[in-house]
Amino acid sequence: MRKPIIAGNWKMYKTISQAIELANGLKRAFYDLDAEAIDIVLCPVFTALSEVNEVISGSPMQLGAQDVFWQQEGAFTGEVSPLMLKDVGCKYVIIGHSERRQYFGETNQTVNKKVKAALQNGLIPIMCVGETLKERQEEKTFEVLKDHIQNGLTGLTAQEVSDIVIAYEPVWAIGTGKNATSQQAQEAHQFIRKLLTEMFNKEIANNIRIQYGGSVKPDNIEEIMQQPDVDGALVGGASLKVDSFSDIVIRAMKVKVKK
Ligand code: PGA
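First residue of the sequence shown: 11, per the working numbering; consecutive thereafter.
As structure tokens, then:
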């Protein structure tokens, strides 16, 4: 059984005090939640990582960053290394988000370097993949997913990839309020799992968790989570408020966690 995983991608929102407030609110909302049943990950901006880590320690929530560089240290102005993310308390790191691919020149090659560096430092990468609207309309969705996954994971052994999380995030669904249908999500997730079987093996493919991301809200999470190959969600906008994010987590648990 794959453990469900809901991650909040706070993007470039929240000052330190606002981040502390949100984390505290979530801590109260999840005070009696079973940390063994589900993974909940908060990914604030770099500047708030330390404070958020302090707030969530002893709670069922875990810390993640939104990006990482692939070197341990050096003359790389503006970058943050995997070693430093570990140092501040991160367990997860989002890699290759479409906003980074679109605005900051992220490529499959840089994603691959970052995934390797994260794993070498004991961080769990949440590797984002997904097609644009144009690519979907041109029926290139599977081609794009294959390109992102094969090149993003190139050079990794089955053992190395066994811990990673993949986030299927159709670009046209991110921040648009237009989520993929549960069928579209399942179809993409199933394709990804089949591809992972071919690249590695069935056991690894069956163990890797695949999140859906793109306009996930309390009112669509249950339908999406009901799909057999959907193991969680990467949530942007709706992760910025205590009520909506906690509602998403509780509803996701209702679907996936059998009592
Ligand atoms: P959204 O963002 O939930 O606001 O659509 C998802 C993401 O970018 O990870």
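Beta carbons: idealized from backbone N, C-alpha and C, even for Gly.
Inter-residue Cα distance where the pair is residue i and residue j
{"i": "N34", "j": "L73", "result": "14 angstroms"}
{"i": "E146", "j": "F152", "result": "Note that residue 146 is Arg in the sequence shown here, rather than Glu. Each residue's Cα considered, the two are about 9 angstroms apart."}
{"i": "G187", "j": "G224", "result": "8 angstroms"}
{"i": "R111", "j": "Y222", "result": "18 angstroms"}
{"i": "V98", "j": "L205", "result": "34 angstroms"}
{"i": "M209", "j": "V154", "result": "16 angstroms"}
{"i": "S249", "j": "T207", "result": "32 angstroms"}
{"i": "I163", "j": "E179", "result": "Ile is not the amino acid found at residue 163; the sequence shown has Leu there. Their Cα atoms are separated by approximately 17 angstroms."}
Same chain only: Cβ atoms within 8 angstroms of residue i, ignoring 5 sequence neighbours per side
{"i": "Q130", "result": "P92"}
{"i": "R261", "result": "P228, I231, E232 and M235"}
Cβ pair residue i, residue j closer than 9 angstroms
{"i": "V78", "j": "L52", "result": "no"}
{"i": "G88", "j": "S108", "result": "no"}
{"i": "G165", "j": "K126", "result": "yes"}
{"i": "E172", "j": "N122", "result": "Here the sequence assigns Ser to residue 172, which means Glu is not the residue at that position. Their beta carbons are not under 9 angstroms apart, which means S172 does not touch N122 by this criterion."}
{"i": "N19", "j": "V259", "result": "no"}
Among the options, nearest to residue i - alpha-carbon criterion
{"i": "M71", "options": "G84, E89 and L43", "result": "L43"}
{"i": "T57", "options": "V65, A29, D257 and I66", "result": "A29"}
Chain-order list of residues whose beta-carbon lies under 7 angstroms from that of residue i (same chain, five-residue window excluded)
{"i": "V252", "result": "L32, G35, L36 and A39"}
{"i": "D239", "result": "Q196, H199, Q200, R203 and I220"}
{"i": "N211", "result": "A168"}
{"i": "G132", "result": "K96"}
{"i": "D241", "result": "R12, P14, I15, R219, I220 and Q221"}
{"i": "G247", "result": "G185"}
Chain D contact for residue i (CB, 9 angstroms cutoff)
{"i": "E197", "result": "Looking for chain D here will not work: only one protein chain is present."}
Residues of its chain near residue i, where Cβ-Cβ distance is below 6 angstroms and the 5 sequence neighbours each way are ignored
{"i": "S192", "result": "E233, I234 and Q237"}
{"i": "K124", "result": "V78, W80 and I105"}
{"i": "M263", "result": "I48"}
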